[in-house]
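Since the structure comes first, as structure tokens, the remarks are kept for the end.
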Amino acid sequence: MVYEVTDANFAQLLAEGKPLVVDFWAPWCGPCKMMLPIVDELAAEYDGRVNVGKLNVDENGDTCEQFGIMNIPTMLFFKNGELVNRHVGACRKPDLQKLFDTLL
Numbered sequence: 001m002v003y004e005v006t007d008a009n010f011a012q013l014l015a016e017g018k019p020l021v022v023d024f025w026a027p028w029c030g031p032c033k034m035m036l037p038i039v040d041e042l043a044a045e046y047d048g049r050v051n052v053g054k055l056n057v058d059e060n061g062d063t064c065e066q067f068g069i070m071n072i073p074t075m076l077f078f079k080n081g082e083l084v085n086r087h088v089g090a091c092r093k094p095d096l097q098k099l100f101d102t103l104l
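For the sequence shown, the tail end lands on 104 under this note's numbering, and the numbers increase by one without skipping.
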């Protein structure tokens, strides 16, 4: 399952304590669209172990500003409520999977 992350619910998702990956994207972003099926596949594979969410940068500027999001796609990886990793740009599924594995 992929959550819709917003400025309003980001803190709540982070407070749940489960590892969290947030994909910062926009509907007009070509590389973001390329990453969509990969993110969906990994969300299904890690279901129950890692929460995965997508945050539309055009609609949620506060969270983008908080984490200094300058380019998309950007993925932030949180463990125990703390930012532990950041990936900017499109990548292959095996590379992204390695980042997911660091949360377990």
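Positions of the beta carbon are idealized from the N, C-alpha and C atoms, including for glycine.
Since we're looking at a predicted model, the values are computed, not measured.
Judged by beta-carbon spacing, Ile72 lies within the 8 Å limit of Val57, meaning their Cβ atoms are closer than that value. Distances from the CA of Gln66 to each of Phe24, Gly17, Glu4 were compared; the closest alpha carbon is that of Phe24.
CA-CA distance, Lys98 to Lys18, rounds to 18 Å. Where Asp23 is concerned, the enclosing beta strand (DSSP E) starts and stops at 20-25. For the set Phe100, Asp95, Leu104, Cys91, the Cα lying nearest the Cα of Met34 is the one of Cys91.
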